[in-house]
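In this note's numbering, the protein residues as written are 715 to 1199.
Cβ atoms here follow ideal geometry from the backbone N, Cα and C, with glycine treated the same way.
Reading through the C-alpha coordinates given below for one structure.
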(Lines of atoms letter the chains of each structure in order from A and count residues from 1; the text may use other names and numbers.)
(Lines give C-alpha, C1' and ligand atoms only; values in the text may rest on other atoms or scores of the structure.)
Protein backbone atom coordinates (compact mmCIF):
# COMPACT_ATOMS: atom_id res chain seq x y z
CA UNK A 1 0.00 0.00 0.00
CA UNK A 2 3.04 2.34 -0.01
CA UNK A 3 2.52 3.97 -3.41
CA UNK A 4 -1.23 3.92 -2.75
CA UNK A 5 -0.92 5.79 0.54
CA UNK A 6 1.63 8.28 -0.77
CA UNK A 7 -0.39 9.36 -3.81
CA UNK A 8 -3.70 8.92 -1.97
CA UNK A 9 -2.52 11.30 0.74
CA UNK A 10 -1.47 13.92 -1.83
CA UNK A 11 -4.67 13.40 -3.79
CA UNK A 12 -6.69 13.75 -0.61
CA UNK A 13 -5.09 17.11 0.13
CA UNK A 14 -5.87 18.24 -3.42
CA UNK A 15 -9.43 16.99 -3.12
CA UNK A 16 -9.93 18.77 0.18
CA UNK A 17 -8.59 21.99 -1.31
CA UNK A 18 -10.74 21.51 -4.39
CA UNK A 19 -13.79 20.79 -2.28
CA UNK A 20 -13.01 23.82 -0.12
CA UNK A 21 -12.98 26.05 -3.20
CA UNK A 22 -16.05 24.27 -4.54
CA UNK A 23 -17.72 24.58 -1.15
CA UNK A 24 -17.19 28.33 -1.10
CA UNK A 25 -18.63 28.45 -4.62
CA UNK A 26 -21.61 26.21 -3.90
CA UNK A 27 -22.52 27.44 -0.43
CA UNK A 28 -21.86 31.15 -0.77
CA UNK A 29 -20.91 32.45 -4.23
CA UNK A 30 -23.37 30.51 -6.42
CA UNK A 31 -26.17 31.09 -3.92
CA UNK A 32 -25.57 34.85 -3.74
CA UNK A 33 -24.14 35.79 -7.16
CA UNK A 34 -26.22 33.61 -9.50
CA UNK A 35 -29.99 33.44 -9.67
CA UNK A 36 -31.22 30.03 -8.52
CA UNK A 37 -32.73 29.34 -11.95
CA UNK A 38 -29.33 29.69 -13.61
CA UNK A 39 -27.65 27.78 -10.80
CA UNK A 40 -30.15 24.98 -11.34
CA UNK A 41 -29.64 25.21 -15.12
CA UNK A 42 -25.86 24.93 -14.77
CA UNK A 43 -26.23 21.90 -12.48
CA UNK A 44 -28.70 20.27 -14.88
CA UNK A 45 -26.45 20.74 -17.94
CA UNK A 46 -23.33 19.38 -16.21
CA UNK A 47 -25.18 16.43 -14.66
CA UNK A 48 -26.69 15.44 -18.00
CA UNK A 49 -23.27 15.73 -19.67
CA UNK A 50 -21.80 13.48 -16.97
CA UNK A 51 -24.43 10.85 -17.72
CA UNK A 52 -23.60 10.92 -21.45
CA UNK A 53 -19.81 11.17 -21.25
CA UNK A 54 -19.07 7.39 -20.94
CA UNK A 55 -21.03 6.83 -24.15
CA UNK A 56 -19.15 9.59 -25.96
CA UNK A 57 -15.77 7.94 -25.38
CA UNK A 58 -16.92 4.30 -25.40
CA UNK A 59 -15.84 3.85 -21.78
CA UNK A 60 -12.20 4.03 -22.93
CA UNK A 61 -11.01 5.55 -19.66
CA UNK A 62 -11.74 2.20 -17.97
CA UNK A 63 -10.57 0.11 -20.93
CA UNK A 64 -7.13 1.78 -20.85
CA UNK A 65 -6.69 0.96 -17.16
CA UNK A 66 -7.75 -2.67 -17.59
CA UNK A 67 -5.73 -3.56 -20.70
CA UNK A 68 -2.66 -1.30 -20.81
CA UNK A 69 -0.55 -3.43 -18.46
CA UNK A 70 -1.47 -6.57 -20.41
CA UNK A 71 0.54 -5.33 -23.43
CA UNK A 72 4.25 -6.07 -23.15
CA UNK A 73 5.86 -4.08 -26.00
CA UNK A 74 5.78 -0.37 -26.75
CA UNK A 75 4.41 -1.08 -30.21
CA UNK A 76 1.43 -2.94 -28.74
CA UNK A 77 0.85 -0.23 -26.14
CA UNK A 78 0.99 2.52 -28.78
CA UNK A 79 -1.37 0.58 -31.01
CA UNK A 80 -3.80 0.18 -28.13
CA UNK A 81 -3.66 3.83 -27.01
CA UNK A 82 -4.17 5.06 -30.58
CA UNK A 83 -7.28 2.89 -30.83
CA UNK A 84 -8.51 4.28 -27.50
CA UNK A 85 -8.32 7.82 -28.91
CA UNK A 86 -9.81 7.07 -32.32
CA UNK A 87 -12.66 4.64 -31.56
CA UNK A 88 -14.85 7.20 -29.71
CA UNK A 89 -15.06 9.22 -32.93
CA UNK A 90 -17.15 6.41 -34.43
CA UNK A 91 -19.78 7.31 -31.81
CA UNK A 92 -19.31 11.08 -31.53
CA UNK A 93 -19.57 11.91 -35.24
CA UNK A 94 -22.80 9.96 -35.97
CA UNK A 95 -24.37 11.23 -32.74
CA UNK A 96 -23.46 14.78 -33.74
CA UNK A 97 -25.32 14.43 -37.05
CA UNK A 98 -28.32 12.76 -35.41
CA UNK A 99 -28.41 15.42 -32.69
CA UNK A 100 -28.29 18.25 -35.23
CA UNK A 101 -31.15 16.70 -37.22
CA UNK A 102 -33.36 16.08 -34.16
CA UNK A 103 -32.20 19.05 -32.08
CA UNK A 104 -35.53 20.85 -31.95
CA UNK A 105 -37.39 17.78 -30.71
CA UNK A 106 -34.78 17.02 -28.03
CA UNK A 107 -34.66 20.64 -26.85
CA UNK A 108 -38.46 20.85 -26.65
CA UNK A 109 -38.65 17.61 -24.67
CA UNK A 110 -36.02 18.69 -22.13
CA UNK A 111 -37.61 22.12 -21.64
CA UNK A 112 -41.27 21.11 -21.20
CA UNK A 113 -41.32 22.15 -17.52
CA UNK A 114 -38.53 24.77 -17.67
CA UNK A 115 -38.21 26.79 -20.89
CA UNK A 116 -34.85 28.20 -19.74
CA UNK A 117 -33.19 24.90 -20.73
CA UNK A 118 -33.97 25.02 -24.47
CA UNK A 119 -31.36 27.51 -25.80
CA UNK A 120 -28.53 25.65 -24.03
CA UNK A 121 -29.38 22.05 -24.90
CA UNK A 122 -26.51 21.60 -27.40
CA UNK A 123 -23.99 22.47 -24.67
CA UNK A 124 -24.76 19.10 -23.08
CA UNK A 125 -23.27 17.31 -26.12
CA UNK A 126 -20.11 19.44 -26.20
CA UNK A 127 -19.52 19.23 -22.45
CA UNK A 128 -20.01 15.44 -22.50
CA UNK A 129 -17.24 15.12 -25.12
CA UNK A 130 -14.91 17.36 -23.11
CA UNK A 131 -15.56 15.42 -19.88
CA UNK A 132 -15.18 12.05 -21.63
CA UNK A 133 -11.88 12.82 -23.36
CA UNK A 134 -10.53 14.42 -20.19
CA UNK A 135 -11.03 11.08 -18.44
CA UNK A 136 -9.35 9.23 -21.32
CA UNK A 137 -6.23 11.39 -21.09
CA UNK A 138 -6.35 11.16 -17.30
CA UNK A 139 -6.22 7.37 -17.66
CA UNK A 140 -3.06 7.82 -19.77
CA UNK A 141 -1.40 9.27 -16.67
CA UNK A 142 -2.94 6.78 -14.25
CA UNK A 143 -1.40 3.79 -16.04
CA UNK A 144 1.96 5.55 -15.63
CA UNK A 145 1.10 5.66 -11.89
CA UNK A 146 1.00 9.44 -11.98
CA UNK A 147 -2.39 10.58 -10.74
CA UNK A 148 -1.63 13.75 -8.79
CA UNK A 149 -1.51 16.37 -11.57
CA UNK A 150 -4.62 14.98 -13.26
CA UNK A 151 -6.41 14.99 -9.94
CA UNK A 152 -5.35 18.61 -9.41
CA UNK A 153 -6.74 19.65 -12.81
CA UNK A 154 -9.90 17.61 -12.35
CA UNK A 155 -10.74 18.89 -8.89
CA UNK A 156 -9.47 22.46 -8.97
CA UNK A 157 -9.28 23.92 -12.46
CA UNK A 158 -13.01 24.12 -13.20
CA UNK A 159 -13.80 25.29 -9.67
CA UNK A 160 -11.23 28.09 -9.71
CA UNK A 161 -12.44 29.20 -13.14
CA UNK A 162 -16.05 29.10 -11.89
CA UNK A 163 -15.08 31.35 -8.98
CA UNK A 164 -13.66 33.99 -11.32
CA UNK A 165 -16.66 33.70 -13.63
CA UNK A 166 -19.11 34.10 -10.75
CA UNK A 167 -17.33 37.26 -9.63
CA UNK A 168 -17.49 38.41 -13.25
CA UNK A 169 -21.27 37.93 -13.10
CA UNK A 170 -21.46 39.75 -9.78
CA UNK A 171 -19.57 42.77 -11.12
CA UNK A 172 -21.63 42.61 -14.35
CA UNK A 173 -18.62 41.96 -16.58
CA UNK A 174 -20.56 39.06 -18.04
CA UNK A 175 -24.23 38.10 -17.93
CA UNK A 176 -25.70 34.98 -16.35
CA UNK A 177 -26.35 33.65 -19.86
CA UNK A 178 -22.69 34.14 -20.82
CA UNK A 179 -21.65 32.37 -17.62
CA UNK A 180 -23.35 29.17 -18.85
CA UNK A 181 -21.41 29.28 -22.14
CA UNK A 182 -18.16 30.12 -20.35
CA UNK A 183 -18.42 27.03 -18.14
CA UNK A 184 -18.51 24.84 -21.26
CA UNK A 185 -15.33 26.55 -22.53
CA UNK A 186 -13.68 25.86 -19.16
CA UNK A 187 -14.32 22.13 -19.54
CA UNK A 188 -12.85 22.27 -23.05
CA UNK A 189 -9.68 23.93 -21.74
CA UNK A 190 -9.46 21.39 -18.93
CA UNK A 191 -9.46 18.58 -21.50
CA UNK A 192 -6.67 20.24 -23.53
CA UNK A 193 -4.47 20.73 -20.45
CA UNK A 194 -4.91 17.07 -19.48
CA UNK A 195 -4.04 15.96 -23.01
CA UNK A 196 -0.82 18.00 -23.04
CA UNK A 197 0.26 16.60 -19.66
CA UNK A 198 -0.59 13.00 -20.59
CA UNK A 199 1.58 13.25 -23.71
CA UNK A 200 4.53 14.54 -21.65
CA UNK A 201 4.34 11.33 -19.58
CA UNK A 202 3.85 8.98 -22.48
CA UNK A 203 3.30 10.05 -26.07
CA UNK A 204 2.39 7.06 -28.21
CA UNK A 205 3.41 6.71 -31.82
CA UNK A 206 0.11 6.85 -33.64
CA UNK A 207 -0.46 3.42 -35.15
CA UNK A 208 -3.79 3.23 -36.91
CA UNK A 209 -4.26 -0.49 -36.59
CA UNK A 210 -6.49 -2.27 -34.09
CA UNK A 211 -4.79 -4.55 -31.52
CA UNK A 212 -4.99 -8.31 -31.97
CA UNK A 213 -7.41 -8.64 -29.06
CA UNK A 214 -9.73 -5.94 -30.43
CA UNK A 215 -12.78 -8.17 -30.02
CA UNK A 216 -12.06 -8.59 -26.31
CA UNK A 217 -11.40 -4.87 -25.93
CA UNK A 218 -14.59 -3.90 -27.75
CA UNK A 219 -16.60 -6.43 -25.76
CA UNK A 220 -15.24 -5.00 -22.52
CA UNK A 221 -15.83 -1.43 -23.72
CA UNK A 222 -19.42 -2.24 -24.69
CA UNK A 223 -20.21 -3.47 -21.21
CA UNK A 224 -18.31 -0.63 -19.54
CA UNK A 225 -20.04 2.02 -21.69
CA UNK A 226 -23.42 0.86 -20.53
CA UNK A 227 -22.21 0.24 -16.99
CA UNK A 228 -20.51 3.66 -16.90
CA UNK A 229 -23.61 5.36 -18.26
CA UNK A 230 -25.71 3.50 -15.71
CA UNK A 231 -23.33 4.58 -12.93
CA UNK A 232 -23.61 8.13 -14.21
CA UNK A 233 -27.37 7.78 -14.07
CA UNK A 234 -27.13 6.74 -10.42
CA UNK A 235 -25.01 9.81 -9.62
CA UNK A 236 -26.78 12.44 -11.70
CA UNK A 237 -30.25 11.24 -12.71
CA UNK A 238 -31.82 13.00 -9.73
CA UNK A 239 -30.51 16.36 -10.93
CA UNK A 240 -31.77 15.49 -14.42
CA UNK A 241 -35.23 14.36 -13.30
CA UNK A 242 -36.01 17.10 -10.78
CA UNK A 243 -36.48 19.74 -13.55
CA UNK A 244 -38.86 17.35 -15.32
CA UNK A 245 -41.05 17.21 -12.18
CA UNK A 246 -40.30 20.40 -10.23
CA UNK A 247 -39.17 23.97 -10.85
CA UNK A 248 -35.52 24.17 -11.89
CA UNK A 249 -34.64 26.22 -8.78
CA UNK A 250 -35.24 23.03 -6.77
CA UNK A 251 -32.14 21.57 -8.45
CA UNK A 252 -30.08 24.36 -6.92
CA UNK A 253 -31.39 23.61 -3.42
CA UNK A 254 -30.79 19.90 -3.93
CA UNK A 255 -27.31 20.44 -5.38
CA UNK A 256 -26.16 22.27 -2.26
CA UNK A 257 -27.19 19.36 -0.02
CA UNK A 258 -25.60 16.82 -2.35
CA UNK A 259 -22.36 18.79 -2.49
CA UNK A 260 -22.10 18.98 1.30
CA UNK A 261 -22.62 15.22 1.64
CA UNK A 262 -20.27 14.38 -1.22
CA UNK A 263 -17.32 15.63 0.84
CA UNK A 264 -17.43 12.19 2.51
CA UNK A 265 -16.38 10.61 -0.80
CA UNK A 266 -13.08 12.55 -0.88
CA UNK A 267 -10.91 9.75 0.61
CA UNK A 268 -12.34 7.20 -1.82
CA UNK A 269 -11.89 9.44 -4.84
CA UNK A 270 -8.32 10.12 -3.81
CA UNK A 271 -7.44 6.46 -3.26
CA UNK A 272 -9.21 5.17 -6.39
CA UNK A 273 -6.98 7.28 -8.66
CA UNK A 274 -4.02 5.02 -7.90
CA UNK A 275 -5.58 1.85 -6.48
CA UNK A 276 -7.66 1.07 -9.60
CA UNK A 277 -4.64 0.59 -11.92
CA UNK A 278 -2.84 -1.33 -9.15
CA UNK A 279 -5.80 -3.65 -8.72
CA UNK A 280 -5.93 -4.16 -12.49
CA UNK A 281 -2.22 -5.00 -12.53
CA UNK A 282 -2.52 -7.55 -9.71
CA UNK A 283 -5.54 -9.14 -11.35
CA UNK A 284 -3.69 -9.34 -14.69
CA UNK A 285 -0.85 -11.09 -12.81
CA UNK A 286 -3.37 -13.32 -10.98
CA UNK A 287 -1.99 -12.14 -7.64
CA UNK A 288 -5.24 -12.64 -5.72
CA UNK A 289 -3.55 -12.48 -2.31
CA UNK A 290 -2.51 -8.87 -2.95
CA UNK A 291 -5.96 -8.07 -4.38
CA UNK A 292 -7.54 -9.31 -1.14
CA UNK A 293 -5.07 -7.30 0.94
CA UNK A 294 -5.91 -4.12 -0.99
CA UNK A 295 -9.63 -4.92 -0.62
CA UNK A 296 -9.54 -5.19 3.17
CA UNK A 297 -7.07 -2.36 3.84
CA UNK A 298 -8.86 0.08 1.56
CA UNK A 299 -12.22 -0.68 3.18
CA UNK A 300 -11.14 0.03 6.76
CA UNK A 301 -8.94 2.99 5.85
CA UNK A 302 -11.72 4.63 3.85
CA UNK A 303 -14.24 3.99 6.62
CA UNK A 304 -11.98 5.63 9.20
CA UNK A 305 -11.43 8.72 7.03
CA UNK A 306 -15.02 8.92 5.84
CA UNK A 307 -16.41 8.37 9.33
CA UNK A 308 -14.79 11.54 10.62
CA UNK A 309 -16.13 13.53 7.68
CA UNK A 310 -19.59 12.03 8.22
CA UNK A 311 -19.58 13.23 11.82
CA UNK A 312 -18.21 16.70 11.08
CA UNK A 313 -20.80 17.30 8.38
CA UNK A 314 -23.94 15.95 10.01
CA UNK A 315 -23.22 17.25 13.51
CA UNK A 316 -22.77 20.77 12.13
CA UNK A 317 -25.35 20.81 9.35
CA UNK A 318 -27.81 23.28 10.89
CA UNK A 319 -25.05 25.76 11.73
CA UNK A 320 -23.64 25.32 8.22
CA UNK A 321 -26.98 26.23 6.64
CA UNK A 322 -27.13 29.16 9.06
CA UNK A 323 -23.84 30.41 7.61
CA UNK A 324 -25.25 30.26 4.07
CA UNK A 325 -28.00 32.63 5.24
CA UNK A 326 -30.38 31.64 2.46
CA UNK A 327 -33.49 30.08 4.06
CA UNK A 328 -34.70 28.55 0.79
CA UNK A 329 -31.55 26.41 0.64
CA UNK A 330 -31.93 25.12 4.22
CA UNK A 331 -34.44 22.44 3.14
CA UNK A 332 -31.57 20.03 2.51
CA UNK A 333 -30.81 18.73 6.03
CA UNK A 334 -32.34 15.29 5.44
CA UNK A 335 -30.80 15.17 1.97
CA UNK A 336 -27.36 15.58 3.53
CA UNK A 337 -27.97 12.81 6.08
CA UNK A 338 -29.34 10.29 3.56
CA UNK A 339 -26.61 10.91 0.98
CA UNK A 340 -23.98 10.82 3.76
CA UNK A 341 -25.10 7.35 4.80
CA UNK A 342 -25.01 6.13 1.20
CA UNK A 343 -21.50 7.57 0.74
CA UNK A 344 -20.33 5.86 3.93
CA UNK A 345 -21.57 2.51 2.70
CA UNK A 346 -19.79 3.00 -0.62
CA UNK A 347 -16.56 3.69 1.29
CA UNK A 348 -16.98 0.38 3.11
CA UNK A 349 -16.82 -1.42 -0.26
CA UNK A 350 -13.15 -0.46 -0.66
CA UNK A 351 -11.84 -1.74 -4.00
CA UNK A 352 -15.00 -3.72 -4.75
CA UNK A 353 -15.72 -1.74 -7.92
CA UNK A 354 -12.12 -2.00 -9.12
CA UNK A 355 -12.22 -5.77 -8.65
CA UNK A 356 -15.45 -6.13 -10.59
CA UNK A 357 -14.47 -3.89 -13.51
CA UNK A 358 -10.95 -5.27 -13.91
CA UNK A 359 -11.59 -8.98 -13.41
CA UNK A 360 -13.27 -11.57 -15.59
CA UNK A 361 -16.49 -10.68 -13.80
CA UNK A 362 -16.75 -7.25 -15.43
CA UNK A 363 -19.92 -8.29 -17.28
CA UNK A 364 -21.82 -8.64 -14.01
CA UNK A 365 -20.79 -5.07 -13.14
CA UNK A 366 -22.74 -4.07 -16.24
CA UNK A 367 -25.83 -5.94 -15.08
CA UNK A 368 -25.56 -4.49 -11.59
CA UNK A 369 -25.21 -0.98 -13.00
CA UNK A 370 -28.17 -1.36 -15.34
CA UNK A 371 -30.33 -2.72 -12.52
CA UNK A 372 -29.24 0.17 -10.27
CA UNK A 373 -30.00 2.73 -12.97
CA UNK A 374 -33.46 1.35 -13.67
CA UNK A 375 -34.22 1.13 -9.96
CA UNK A 376 -33.12 4.70 -9.23
CA UNK A 377 -35.11 6.07 -12.19
CA UNK A 378 -38.26 4.29 -10.97
CA UNK A 379 -37.72 5.31 -7.34
CA UNK A 380 -36.92 8.91 -8.28
CA UNK A 381 -40.11 9.31 -10.27
CA UNK A 382 -42.17 7.77 -7.49
CA UNK A 383 -40.51 9.40 -4.49
CA UNK A 384 -39.95 12.89 -5.95
CA UNK A 385 -43.68 13.12 -6.62
CA UNK A 386 -44.39 12.13 -3.00
CA UNK A 387 -41.54 13.79 -1.05
CA UNK A 388 -40.10 16.35 -3.45
CA UNK A 389 -36.30 16.64 -3.48
CA UNK A 390 -36.03 14.56 -0.26
CA UNK A 391 -37.46 11.72 -2.33
CA UNK A 392 -34.54 11.93 -4.75
CA UNK A 393 -32.06 11.49 -1.88
CA UNK A 394 -34.07 8.60 -0.43
CA UNK A 395 -34.09 6.88 -3.84
CA UNK A 396 -30.30 7.09 -4.00
CA UNK A 397 -29.91 5.75 -0.45
CA UNK A 398 -32.16 2.74 -1.07
CA UNK A 399 -30.42 1.78 -4.30
CA UNK A 400 -26.91 2.14 -2.83
CA UNK A 401 -27.73 0.06 0.26
CA UNK A 402 -29.37 -2.77 -1.69
CA UNK A 403 -26.96 -3.09 -4.61
CA UNK A 404 -23.77 -2.49 -2.64
CA UNK A 405 -24.75 -5.40 -0.41
CA UNK A 406 -25.35 -7.56 -3.49
CA UNK A 407 -21.90 -6.64 -4.87
CA UNK A 408 -20.20 -7.63 -1.61
CA UNK A 409 -22.00 -10.98 -1.58
CA UNK A 410 -21.18 -11.60 -5.26
CA UNK A 411 -17.41 -11.08 -4.78
CA UNK A 412 -17.50 -13.30 -1.70
CA UNK A 413 -19.25 -16.10 -3.60
CA UNK A 414 -17.21 -15.87 -6.81
CA UNK A 415 -13.74 -14.96 -5.51
CA UNK A 416 -13.93 -15.80 -1.79
CA UNK A 417 -13.15 -12.21 -0.83
CA UNK A 418 -14.97 -9.79 1.44
CA UNK A 419 -13.69 -6.50 2.89
CA UNK A 420 -14.94 -6.64 6.48
CA UNK A 421 -13.17 -7.53 9.73
CA UNK A 422 -13.91 -7.05 13.41
CA UNK A 423 -12.33 -3.61 13.02
CA UNK A 424 -15.19 -2.67 10.71
CA UNK A 425 -17.64 -3.21 13.58
CA UNK A 426 -15.33 -1.23 15.88
CA UNK A 427 -15.19 1.87 13.67
CA UNK A 428 -18.94 1.81 12.98
CA UNK A 429 -19.55 1.65 16.75
CA UNK A 430 -17.29 4.65 17.33
CA UNK A 431 -19.13 6.63 14.61
CA UNK A 432 -22.59 5.81 15.98
CA UNK A 433 -21.67 6.59 19.60
CA UNK A 434 -20.18 9.97 18.71
CA UNK A 435 -23.07 10.81 16.38
CA UNK A 436 -25.75 10.29 19.04
CA UNK A 437 -23.58 11.81 21.78
CA UNK A 438 -23.19 15.12 19.91
CA UNK A 439 -26.27 15.28 17.65
CA UNK A 440 -28.62 16.77 20.23
CA UNK A 441 -26.11 19.28 21.59
CA UNK A 442 -26.97 22.82 20.46
CA UNK A 443 -24.43 25.50 21.29
CA UNK A 444 -25.65 29.09 21.82
CA UNK A 445 -22.86 30.92 19.99
CA UNK A 446 -22.43 32.19 16.45
CA UNK A 447 -22.73 29.41 13.84
CA UNK A 448 -19.04 29.60 12.95
CA UNK A 449 -18.01 29.30 16.62
CA UNK A 450 -20.40 26.39 17.13
CA UNK A 451 -18.92 24.55 14.14
CA UNK A 452 -15.38 25.17 15.38
CA UNK A 453 -16.04 23.92 18.93
CA UNK A 454 -17.94 20.81 17.88
CA UNK A 455 -15.46 19.93 15.14
CA UNK A 456 -12.44 20.21 17.42
CA UNK A 457 -14.08 18.11 20.15
CA UNK A 458 -15.28 15.39 17.75
CA UNK A 459 -11.97 15.25 15.85
CA UNK A 460 -9.88 14.86 19.01
CA UNK A 461 -12.10 12.13 20.51
CA UNK A 462 -12.47 10.28 17.21
CA UNK A 463 -8.79 10.38 16.27
CA UNK A 464 -7.65 9.37 19.76
CA UNK A 465 -10.07 6.41 19.79
CA UNK A 466 -9.07 5.20 16.30
CA UNK A 467 -5.37 5.51 17.17
CA UNK A 468 -5.64 3.96 20.62
CA UNK A 469 -7.45 0.85 19.41
CA UNK A 470 -5.32 0.56 16.23
CA UNK A 471 -8.39 0.28 14.03
CA UNK A 472 -6.38 1.02 10.88
CA UNK A 473 -2.67 0.26 10.56
CA UNK A 474 -2.34 2.70 7.67
CA UNK A 475 -4.00 5.54 9.61
CA UNK A 476 -1.81 4.85 12.64
CA UNK A 477 1.24 4.86 10.37
CA UNK A 478 0.31 8.27 8.96
CA UNK A 479 -0.30 9.69 12.45
CA UNK A 480 3.05 8.38 13.69
CA UNK A 481 4.79 9.85 10.66
CA UNK A 482 3.36 13.35 10.79
CA UNK A 483 2.59 13.79 14.51
CA UNK A 484 5.55 12.92 16.78
CA UNK A 485 4.72 11.10 19.98
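| In whole angstroms, what is the alpha-carbon distance linking residue 909 and residue 800? | So the two alpha carbons sit approximately 14 Å from each other.
| message | Which of the three DSSP states is assigned to residue 1179 in this structure? | response | When secondary structure is reduced to three states using DSSP, residue 1179 falls in the helix class.
| Short Cβ contact (8 Å threshold) for residue 773 with residue 963 | Judged by their CB atoms, residue 773 and residue 963 are not nearer to each other than the 8 Å cut-off.
| field | Among 897, 798, 1081 and 1053, the one whose alpha carbon lies nearest that of residue 756 | value | Of all alpha-carbon atoms in 897, 798, 1081 and 1053, the one lying nearest the alpha-carbon of residue 756 is that of 897.
| request: Hey, could you find the ends of the alpha helix (DSSP H) residue 1096 is sitting in? | output: Start and end: 1076-1101.
| query | Does the Cβ-Cβ distance between residue 966 and residue 1049 come in under 8 Å? | reply | With a cutoff of 8 Å on beta-carbon distance, residue 966 and residue 1049 are scored as not near each other.
| DSSP state of residue 852, grouped into three classes? | Correct three-state label for residue 852: helix.
| Just the Cα atoms here: how many angstroms apart are residue 1156 and residue 930? | About 58 Å.
| Is residue 986 helix, strand or coil by DSSP? | Assignment of residue 986 by DSSP, reduced to helix, strand and coil, places it in the helix class.
| C-alpha distance - residue 815 paired with residue 821, whole-angstrom precision | Computed Cα separation, rounded: 12 Å.
| query | What did DSSP end up calling residue 1131 once you bin it into helix, strand or coil? | reply | In the three-state reduction of the DSSP assignment, residue 1131 falls in the coil class, being assigned neither a helical nor a strand state.
| Between which two residues does the alpha helix (DSSP H) harbouring residue 822 extend? | For residue 822, the enclosing alpha helix (DSSP H) stretches over residues 817-824.
| field | CA-to-CA distance, residue 836 to residue 817, given in whole angstroms | value | Spanning the two alpha carbons is a distance of roughly 8 Å.
| query | residue 796: beta carbon under 7 Å from a heavy atom of the ligand ATP? | reply | Absence of the ligand ATP is noted for the structure shown, with no ligands found whatsoever.
| task | Could you tell me whether the region 732-741 touches the region 965-981, using the rule of 3 or more Cβ pairs below 8 Å? | result | With the cut-off at 8 Å, the region 732-741 and the region 965-981 touch.
| What is the DSSP secondary structure of residue 918, counted as helix, strand or coil? | DSSP places residue 918 in coil when its eight states are reduced to three.
| message | Below 8 Å on the Cβ atoms is my contact criterion, and I expect residue 1087 with residue 1117 to pass it. Report the Cβ-Cβ distance as a whole number of Å. | response | Distance from residue 1087 to residue 1117 at the Cβ level is roughly 10 Å; contact not present, criterion being Cβ atoms closer than 8 Å.
| In angstroms, rounded to a whole number, what distance separates the CA positions of residue 1200 and residue 1172? | Residue coverage of the chain in this structure runs from 715 to 1199, which leaves residue 1200 outside it and unanswerable.
| task | Please classify residue 1147: is it buried, with 16 or more other beta-carbons within 10 angstroms of its beta-carbon, or exposed? | result | With a threshold of 16 other beta carbon atoms within 10 Å, residue 1147 falls short and is exposed.
| message | Please report the distance separating the alpha-carbon of residue 1165 from that of residue 782. | response | Rounded to the nearest angstrom, the two C-alpha atoms are 46 Å apart.
| query | Which residues in the same chain have their Cβ closer than 7 Å to the Cβ of residue 925, if we skip the five residues on either side of it in sequence? | reply | Result list for residue 925: 790, 793, 794, 797 and 931, in chain order.
| message | For residue 1149 and residue 1025, which I take to be in contact (beta-carbon distance under 8 Å), what is that distance rounded to the nearest angstrom? | response | Between residue 1149 and residue 1025 a beta carbon distance of about 6 Å is seen, short of the 8 Å cut, so the two are scored as contacting.
| Span separating the alpha-carbon of residue 874 from that of residue 735 | Going by the C-alpha atoms only, they are around 7 Å apart.
| query | Is DSSP giving residue 861 helix, strand or coil here? | reply | Coil at residue 861, not helix or strand.
| Just how far apart, CA to CA, sit residue 996 and residue 732? | Cα to Cα, the separation comes out at about 31 Å.
| query | Nearest CA to the CA of residue 936: which residue from 805, 1008 and 1152? | reply | Measuring C-alpha to C-alpha distances from residue 936 to each of 805, 1008 and 1152 identifies 805 as the nearest.
| If we ignore side chains and look at the alpha-carbon of each, how far apart do residue 911 and residue 728 end up? | Rounded to whole angstroms, residue 911 to residue 728 spans 17 Å at the Cα level.
| query | Does the distance from the C-beta atom of residue 1014 to that of residue 1138 stay below 8 Å? | reply | It is a contact, given that the beta carbons lie within the stated cut-off.
| task | Return the first residue and the last residue of the alpha helix (DSSP H) that residue 1032 is part of. | result | Its alpha helix (DSSP H) spans residues 1031-1038.
| message | Can you tell me whether residue 1011 is buried or exposed? The criterion is at least 16 other CB atoms within 10 Å of its CB, across all chains shown. | response | By the 10 Å Cβ count, residue 1011 comes out buried.
| field | C-alpha distance - residue 902 paired with residue 1066, whole-angstrom precision | value | The straight-line gap separating the alpha-carbon atoms of residue 902 and residue 1066 is approximately 32 Å.
| said: Check this for me: beta carbons of residue 1052 and residue 1016, under 8 Å apart or not? | reply: Taking a C-beta distance under 8 Å as the contact criterion, residue 1052 and residue 1016 do not qualify as a contact pair.
| request: Let me know the secondary structure DSSP gives residue 1187 once reduced to three states. | output: In the three-state scheme derived from DSSP, where H, G and I count as helix and E and B as strand, residue 1187 is classed as helix.
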